[in-house]
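Visitor: Quick one: the structure is below, questions incoming.
Number of protein chains: 2
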Amino acid sequence: MRDFPEYLGTIATDLEARLDALLPTGNAIAEAMRWGTLGGGKRLRGFLVVESAALFDVSRDLALNTAAAIECLHAYSLIHDDLPCMDDDDLRRGRPTVHRRWDEATAVLAGDALQTQAFAILSDPATHPDPSVRIALVSALAAASGQGGMVGGQAMDIAAETAGRMLDLFEIRTLQALKTGALIRFAAQSGALLGQGDSTARDALTSYADALGAAFQIRDDLLDVDGDEAAAGKALNKDAQAGKATYVSLLGVDGARQKADELIAQAIFALKPFGTRADALADAARYTISRTT
Amino acid sequence: MRDFPEYLGTIATDLEARLDALLPTGNAIAEAMRWGTLGGGKRLRGFLVVESAALFDVSRDLALNTAAAIECLHAYSLIHDDLPCMDDDDLRRGRPTVHRRWDEATAVLAGDALQTQAFAILSDPATHPDPSVRIALVSALAAASGQGGMVGGQAMDIAAETAGRMLDLFEIRTLQALKTGALIRFAAQSGALLGQGDSTARDALTSYADALGAAFQIRDDLLDVDGDEAAAGKALNKDAQAGKATYVSLLGVDGARQKADELIAQAIFALKPFGTRADALADAARYTISRTT
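In structure tokens:
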């Protein structure tokens, strides 16, 4: 655990190199795609792909393409989320957001092209030699990121904001399970898809990912309240200012911490069937609630 | 040829029903996705899928899923293209555009979810029983619609506008081959993918689609000059007002008409290997330059 951030960093470095190789170059849209994808982030989703794939003896080298695809998908969602008509954010990972560095049209198109790029990478034979595996990855990513997943969660978020209505705990949980949880779940499940694991293994990774995703969100809400803006590289305390309901506003700081601890215990318990091979995934769960950025 | 618009209409009707069945319901984003996709359009791309698939004895019923996927992709591009930061259009197919009917955030998310939906449909076993065929469709659609295809063309368009520079004929041709041509090419090629046609057949359909796509664009430029705004259901004469170079501004009305005629002759010539089985595709080419909306 002591060395976990360092270990996470080695995967992030390899993933950065893979993204650099897979992303296009040559015009403003390509540059904006790179700006929004490269240069930072913890790469938790990419880590989950690599480590869950390792449970099924899939090499890091092979898993990195799927990890890159999910990071492209995640980057597209951040670029669009930062737009003036959405969250209107100027800063991301300590740098101007795409629409601030270029303009709104470039941000819309770069996000659009990054979503396409995610599916282009998954359909590439270099991602997995078996077409059945590749199409299963495409299908699962589409389910996780569309109107029944990530975008559905964003829509719930906007609907609540437009209505000026505070969500209750059940609604927050549903919203987050879609908005951020679905992609984290896909990241963990993709290892089982790449390694053609059985349904028991898939179910175990699903339980792990769902608990991890919820804990991750609670930690984000806590950091929004007491985090360090410079370290985070983005504006904090936005939710409270916007009067939005969060785990912290609904449960209090202590209640939210306790809930996150429970979820992490659940996540680690779900990894039991994999024994010590899942130690890095368990470390990731512990790290998720101790992280300061 | 006399009955071609009627024949085109029968496919459009079947495609509308398929889209209605495949699109989600239940919240504002789902409604906006439907608004932007259902209710009109000639469905030329869907027609090309169905008719090129028929050359390889693929049933209309099977081809309609792929046709629906490409129409979702096309609809996403229109919704985003209509945004205030892009073309800023209020009207599409005679109705308010998505961001006018709802708001910009809804338009961004509905477009995003429609792109995802296109890949979700292509990855569905109902689209083709063979996973190799489905993954080939995903790969080809991603290539046609991303930064190296449709979005790349939109980026060229915006770059020229931002620089206030008139494009020359070669640049216009490149821009259109990407912006609208790549998806039309995919539509025609997808029939060969669904029917597992050989490379000669694929090449023939590519030549046909490239000539057809260029002619289609020239006819659009001509209609922008002398079309009927009420019949078109959108604002016309926008290019001239914006001082944008088009085939008509570069070649004149007569020169543009002649160029379109040449391209249609090329398109029809490319269909020779298929004999009379390709009569509907040849009719589509003739219709493309005679259409008034």
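For the protein sequence lines, the chains are A and B, in the order given. In the working numbering, each residue's number is its place in the first sequence (first place is 1) plus 207. In the working numbering, each residue's number is its place in the second sequence (first place is 1) plus 207. C-beta: ideal position from N, C-alpha, C; glycine also. Note that this is a predicted model, so its numbers are computed, not measured.
#1: Return the CA-CA distance between A:Q383 and A:D427, expressed in angstroms with no decimal places.
#2: Can you name, in chain order, every residue of its own chain whose Cβ lies under 8 Å from the Cβ of B:Y214, other than the five neighbours on each side?
#3: Mind checking if A:Q361 is an interface residue toward chain B, Cβ cutoff 9 Å exclusive?
#4: Among B:L412, B:V265, B:I425, B:Q465, whose alpha-carbon lies nearest the alpha-carbon of B:P336?
#5: Alpha carbon to alpha carbon, how far is A:L271 from A:L222? Give it in angstroms, no decimals.
#6: Does DSSP classify B:L298 as helix, strand or coil?
#7: Which same chain residues, not among the five before or five after A:D294, have their C-beta less than 6 Å away from its C-beta?
#8: Taking Cβ-Cβ distances shorter than 9 Å, what residues in chain B pair up with A:N234?
#9: Less than 8 Å between the CB atoms is what I'm expecting for A:L390 and A:L280, so what's the real figure, rounded?
#10: Tell me the DSSP bridge mates of A:P303?
#11: What are the residues of the stretch 309 to 320 of chain B that lie near chain A, defined by any Cβ-Cβ distance shorter than 9 Å?
#12: Counting pairs of beta carbons, one from the stretch 333 to 350 of chain B and one from the stretch 341 to 350 of chain A, are three or more of them closer than 8 Å?
#13: Measure the C-alpha to C-alpha separation of A:G246 and B:I496 and round it to an integer number of angstroms.
#14: Could you tell me whether the stretch 233 to 242 of chain A touches the stretch 353 to 370 of chain B, using the rule of 3 or more Cβ pairs below 8 Å?
#15: I'd like to know if B:H287 contacts chain A, where contact means its C-beta is closer than 9 Å to some C-beta of that chain.
#16: For A:L390, which residues in chain B fall below 7 Å Cβ to Cβ?
#17: Report yes if the C-beta distance between B:K249 and B:T500 is below 9 Å; otherwise report no.
#18: Is B:A333 helix, strand or coil when you go by DSSP?
#19: Counting pairs of beta carbons, one from the stretch 462 to 475 of chain A and one from the stretch 395 to 403 of chain A, are three or more of them closer than 8 Å?
#20: Quick check: the Cα distance between A:M357 and A:L251, rounded to an integer number of angstroms?
#21: Out of B:G318, B:R307, B:T407, which has the shortest C-alpha to C-alpha gap to B:R241?
#22: Can you give the Cα-Cα distance for A:I425 and A:T381, rounded to whole angstroms?
#23: Taking the alpha-carbon positions, what's the B:V315 to A:G243 distance?
#24: I need the DSSP call for B:P480, collapsed to helix, strand or coil.
#25: Measure the alpha-carbon distance for B:F254 versus A:D268 and round it to whole angstroms.
#26: Between A:S330 and the rest of its own chain, which residues show a CB-CB distance below 7 Å, the 5 nearest in sequence each way excluded?
#27: Take the Cβ of A:T273 as the centre, count every other Cβ of all protein chains shown within 10 Å, and call the residue buried at 16 or more, exposed below.
#28: Please list the partners that B:M342 has in chain A, where partner means a Cβ-to-Cβ separation under 8 Å.
#29: Measuring only between beta-carbons, confirm whether A:L245 sits less than 9 Å from chain B.
#30: According to the neighbour-count rule (16 or more other Cβ atoms, all chains shown, within 10 Å of its Cβ), is A:R299 buried or exposed?
#31: Figure out for me which residue from A:R493, A:A275, A:A260 has the closest Cα to the Cα of A:L326.
#32: So, for B:P480: in the same chain, excluding its five sequence neighbours on each side, which residues have a beta-carbon less than 6 Å away from its beta-carbon?
#33: Hey, quick one: how far does the alpha helix (DSSP H) through B:T273 stretch, first residue to last?
#34: Throw me the rounded Cβ distance for the B:P231 and A:G355 pair, which I believe falls under 8 Å.
#35: Assign A:L262 to one of three DSSP states: helix, strand, or coil.
Guide: According to the structure data:
#1: Counted from its first residue, the first sequence places residue 383 of chain A at position 176. Counted from its first residue, the first sequence places residue 427 of chain A at position 220. Near 11 Å, if we compare the C-alpha coordinates of A:D427 and A:Q383.
#2: To locate residue 214 of chain B, count along the second sequence from 1; it is residue 7. Taken in chain order, the residues that qualify are A487, D490.
#3: In the first sequence, the residue the question calls residue 361 of chain A occupies position 154. Closer than 9 Å to the CB of A:Q361 there is at least one CB belonging to chain B.
#4: As a first step, residue 336 of chain B is located in the second sequence; it is residue number 129 there, counting from the start. B:P336 has its Cα closest to that of B:V265, out of B:L412, B:V265, B:I425, B:Q465.
#5: For this step, residue 222 of chain A is matched to residue 15 along the first sequence. For this step, residue 271 of chain A is matched to residue 64 along the first sequence. Rounded to the nearest whole angstrom, the CA to CA distance from A:L222 to A:L271 is 6 Å.
#6: By one-based count along the second sequence, residue 298 of chain B stands at place 91. In the structure shown, B:L298 sits in a strand (DSSP, three-state: E or B).
#7: Reading the first sequence from its first residue, position 87 is the one you call residue 294 of chain A. D288.
#8: On the first sequence, residue 234 of chain A is found 27 positions in, with the first residue counted as 1. Under a criterion of Cβ atoms nearer than 9 Å, the residues of chain B adjacent to A:N234 are, in order, Q354, G359, A362, M363, A366.
#9: Numbered from its first residue, the first sequence carries residue 390 of chain A at position 183. Numbered from its first residue, the first sequence carries residue 280 of chain A at position 73. About 7 Å separates the two Cβ atoms, so the contact holds.
#10: Residue 303 of chain A sits at position 96 when you count from the first residue of the first sequence. For A:P303, which the question treats as bridged, DSSP gives the partners A:L298.
#11: The residues in question are D310, E311, A312, T313, A314, V315, L316, A317, G318, D319, A320.
#12: Contact holds: three or more Cβ-Cβ distances are below 8 Å.
#13: As a position in the first sequence, residue 246 of chain A is number 39, starting the count at 1. As a position in the second sequence, residue 496 of chain B is number 289, starting the count at 1. Their backbone Cα atoms lie some 49 Å apart in a straight line.
#14: These segments touch.
#15: As a working note, residue 287 of chain B is residue 80 in the second sequence. Closer than 9 Å to some Cβ of chain A, the Cβ of B:H287 qualifies, so yes.
#16: On the first sequence, position 183 is the one that residue 390 of chain A refers to. None at all; the shortest Cβ gap to chain B is about 12 Å.
#17: Position 42 of the second sequence, counted from the first residue, corresponds to residue 249 of chain B. Position 293 of the second sequence, counted from the first residue, corresponds to residue 500 of chain B. The criterion of a C-beta distance shorter than 9 Å is satisfied by B:K249 and B:T500.
#18: Mapped onto the second sequence, residue 333 of chain B falls at position 126. B:A333: coil per DSSP, three-state reduction.
#19: Verdict: no, contact absent.
#20: As a position in the first sequence, residue 357 of chain A is number 150, starting the count at 1. As a position in the first sequence, residue 251 of chain A is number 44, starting the count at 1. CA-CA distance, A:M357 to A:L251, rounds to 17 Å.
#21: For the purposes of this step, residue 241 of chain B is identified with residue 34 of the second sequence, where counting begins at 1. Looking only at B:G318, B:R307, B:T407, the smallest Cα-Cα distance to B:R241 is reached by B:G318.
#22: Residue mapping note: residue 425 of chain A aligns to position 218 of the first sequence, counting from 1. Residue mapping note: residue 381 of chain A aligns to position 174 of the first sequence, counting from 1. If you take the alpha carbons of A:I425 and A:T381, they lie about 13 Å apart.
#23: Here the question's residue 315 of chain B lines up with position 108 in the second sequence. Here the question's residue 243 of chain A lines up with position 36 in the first sequence. Rounded to the nearest angstrom, the two C-alpha atoms are 17 Å apart.
#24: Here residue 480 of chain B is taken as the residue at index 273 of the second sequence, counted from 1. Annotated three-state conformation of B:P480 is helix, per DSSP.
#25: Counting from one through the second sequence, the residue named residue 254 of chain B turns up at place 47. Counting from one through the first sequence, the residue named residue 268 of chain A turns up at place 61. Spanning the two alpha carbons is a distance of roughly 42 Å.
#26: Here residue 330 of chain A is taken as the residue at index 123 of the first sequence, counted from 1. R341, V345.
#27: Counted from its first residue, the first sequence places residue 273 of chain A at position 66. The residue in question, A:T273, is buried, as its Cβ has 16 or more Cβ neighbours within 10 Å.
#28: To locate residue 342 of chain B, count along the second sequence from 1; it is residue 135. Note on identity: in this sequence residue 342 of chain B is Ile, with Met being the wrong assignment. Neighbours of B:I342 on chain A, chain order: S330, P338, R341, I342, V345.
#29: Here residue 245 of chain A corresponds to residue number 38 of the first sequence, with the count starting at 1. Answer no: the Cβ-Cβ gap between A:L245 and chain B never drops below 9 Å.
#30: Against the first sequence, residue 299 of chain A aligns to sequence position 92. Flag for A:R299 reads buried.
#31: Position 119 of the first sequence holds residue 326 of chain A. For the record, residue 326 of chain A in the displayed sequence is Phe; it is not Leu. Minimum Cα distance to A:F326 is reached at A:A275.
#32: As a first step, residue 480 of chain B must be located in the second sequence, where it is residue number 273. Short of 6 Å from the beta carbon of B:P480, and not among the five residues preceding or following it, lie these beta carbons of its own chain, in chain order: A411.
#33: Translated into the one-based positions of the second sequence, residue 273 of chain B becomes position 66. Run containing B:T273: 267 to 288, per the alpha helix (DSSP H) assignment.
#34: Working through the second sequence from its first residue, we reach residue 231 of chain B at position 24. Working through the first sequence from its first residue, we reach residue 355 of chain A at position 148. Yes, they are in contact, since the Cβ atoms of B:P231 and A:G355 sit about 7 Å apart, within 8 Å.
#35: Counted from its first residue, the first sequence places residue 262 of chain A at position 55. Of the three classes helix, strand and coil, the one that applies to A:L262 here is coil, per DSSP.
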